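Numbering (the numbering used here), first residue to last: 53 to 585.
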Ligand code: F6P
């Protein structure tokens, strides 16, 4: 399956991307896709026509289309947890039926969304809680997939935010709860405890701390629970009318489309929330219908696979030129690395190649003044994914948006073209530098160039567009997982640390150290306990 790509490796690694542009005057058009308002340009990569054909064949050989259909049809493709994978059902606004174990899950999804909308409207118009003070603030307590999605989206949707202020507590570090709750009034704060399992140590501890801050059990009337385990929500004391459930067929990091997105719904209102779902649903439909050559999630996945498997670049930077997408890289980090950071295939056999890149990033232009030095001149090549809108939401600040766009385009151009030593010397000479100083400085001013990047362009970051973008990345991760042959929907790699942390809790409280703790951990415990006195 990989052979046609493997044989391209040597040529691809030395290929000049600028030469590809010289050979094909229409390369920008030939190696980009424009669909439903999104333009994806992958022309600034070393993929040529033969490479693309081999990549598309790879997707066909891996049976991406059949596996995609199996996912949408509710087959239990998450085999290690014996679960269907149906986050798409949460944004299926007009379909007839999606079956899990023979049962149509759509009526319950829609009923839950309608209950969420009723409560959201009541909070937003001040009729909740009846007789009490109007809710001005919302605190979402959750971690990982129960935090990153809504946090990212609430920030992204600031121009549409006309509901209560939203805050997020995730870290078990008491500093997070302390700093987030400081200045909030318990009587005007709605608390959402968001946890699929309702057992996550950090979330449950933060929930108990916040309940105590709010005044104890009497304050439970301003608590909402979101979980797939309603019994545990009841045990915590939150009545069924304020519990919003979802099926175990929604993975944590894929869950912002349903009740986990409640803080977003409170922020922007049910109508804008639905528009967010509509954008995602449109991407689902595109993913299901478009041929691989013109299928956005498939192409995005294939470009990533090319960069990693053919060119050998193990890291990927996500660089949104949109300050409100500041948390998108962190969100995508979980999505990609928790899904595809695996060492075995679905059948348990060892993977023959490293699956899943390291994903990281920050918004531009800030990153330019921090880590872009390495991106431009470091020895390792980091494929960059630029994301930018044609328009901002600040008509009075056009100058800012123009500067933003110029910077975004400049970075991919610089990565592509670089600066040769001849150019560097000429530039220095023009500034009057000469002799030994010129010889020495010129070498520092050389940019190798030929560094791959892609650019995703949207018109304006509306709820619909945000839905499109997030669903695009979800499906990209799915396609990558299928091609690598892994189950992208479990996360056993997070278990060991959780188990060891539970074992260490008594030790950090002065109790017994765990048996078999390493010498280092024992020494660290000794040091911390003695420093604590
Ligand atoms: O520890 C990893 C993880 O299970 C994530 O997959 C999940 O998003 C997060 O913890 C939170 O889990 P929960 O929603 O059950 O609290």
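From the three backbone atoms N, C-alpha and C, an ideal C-beta is built for every residue, glycine too.
Predicted, not measured: the structure shown is a model, and the values here were computed from it.
Proximal residues to residue i (C-beta, below 7 Å), its chain only, five neighbours per side dropped
i: residue 56; result: 106, 109
i: residue 188; result: 216, 217, 240
i: residue 280; result: 248, 297, 298, 299, 300
i: residue 499; result: 428, 429, 466, 470, 471
i: residue 212; result: 320, 324, 515
i: residue 185; result: 239, 240
i: residue 333; result: 143, 144, 145
i: residue 195; result: 222, 252, 254, 255
i: residue 384; result: 370, 411, 525
i: residue 568; result: none
Near the ligand F6P: residue i beta-carbon under 7 Å from a heavy atom
i: residue 561; result: no
i: residue 222; result: no
i: residue 543; result: yes
i: residue 454; result: no
i: residue 140; result: no
i: residue 321; result: no
i: residue 305; result: yes
i: residue 310; result: no
i: residue 195; result: yes
i: residue 112; result: no
i: residue 249; result: yes
i: residue 546; result: yes
i: residue 390; result: yes
i: residue 255; result: yes
i: residue 315; result: no
i: residue 198; result: yes
i: residue 252; result: yes
Whole-number beta carbon distance between residue j and residue i, since they are thought to touch under 8 Å
i: residue 309; j: residue 453; result: With 8 Å as the limit, residue 309 and residue 453 do not qualify as a contact, their Cβ atoms being about 29 Å apart.
i: residue 460; j: residue 416; result: 6 Å
i: residue 141; j: residue 157; result: 5 Å
i: residue 314; j: residue 278; result: 6 Å
i: residue 275; j: residue 294; result: 7 Å
i: residue 335; j: residue 527; result: 7 Å
i: residue 441; j: residue 513; result: 5 Å
i: residue 302; j: residue 266; result: Contact flag wrong, Cβ pair sits at about 28 Å.
i: residue 89; j: residue 510; result: 6 Å
i: residue 98; j: residue 363; result: 6 Å
i: residue 387; j: residue 394; result: No, residue 387 and residue 394 are not in contact; Cβ-Cβ is about 14 Å, not under 8 Å.
i: residue 559; j: residue 577; result: 6 Å
i: residue 538; j: residue 433; result: About 25 Å separates the two Cβ atoms, so there is no contact after all.
i: residue 518; j: residue 208; result: 5 Å
i: residue 390; j: residue 305; result: 6 Å
Those residues which DSSP pairs with residue i across a bridge
i: residue 86; result: 91
i: residue 192; result: 220, 244
i: residue 451; result: The partner list for residue 451 (beta bridge, DSSP) is empty, contrary to what the question assumes.
i: residue 156; result: 151
i: residue 135; result: 130
i: residue 471; result: 499
Own chain, CB closer than 6 Å to residue i, minus 5 neighbours either side, in chain order
i: residue 203; result: 220, 379
i: residue 344; result: 108, 111, 350
i: residue 62; result: none
i: residue 93; result: 84, 507
i: residue 368; result: 409, 411, 435
i: residue 534; result: 114, 116, 119
i: residue 536; result: 407
Own chain, CB closer than 8 Å to residue i, minus 5 neighbours either side, in chain order
i: residue 414; result: 371, 378, 381, 422, 423
i: residue 494; result: 473, 476, 477, 480
i: residue 257; result: 224
i: residue 446; result: 452, 453
i: residue 659; result: Nothing about residue 659 can be read from this structure; the chain reaches only from 53 to 585.
i: residue 542; result: 130, 132, 133
i: residue 587; result: This structure does not reach residue 587, given that the chain is present from 53 up to 585, and the question cannot be answered.
Any C-beta of chain B under 8 Å from that of residue i
i: residue 297; result: Considering every chain present, this structure includes no chain B. It has just one protein chain.
Inset, instruction - Please specify which runs of the beta strand (DSSP E), each continuous and at least 3 residues long, are wholly inside the region 265-306, giving them in chain order. - result: 275-279, 295-297
Inset, instruction - For the region 359-446, list the alpha helix (DSSP H) runs that are entirely contained and at least 4 residues long, ordered along the chain. - result: 380-392, 424-429
Legend entry - Complete alpha helix (DSSP H) runs within the region 474-552 (minimum length 4 residues, chain order): 487-496, 515-536
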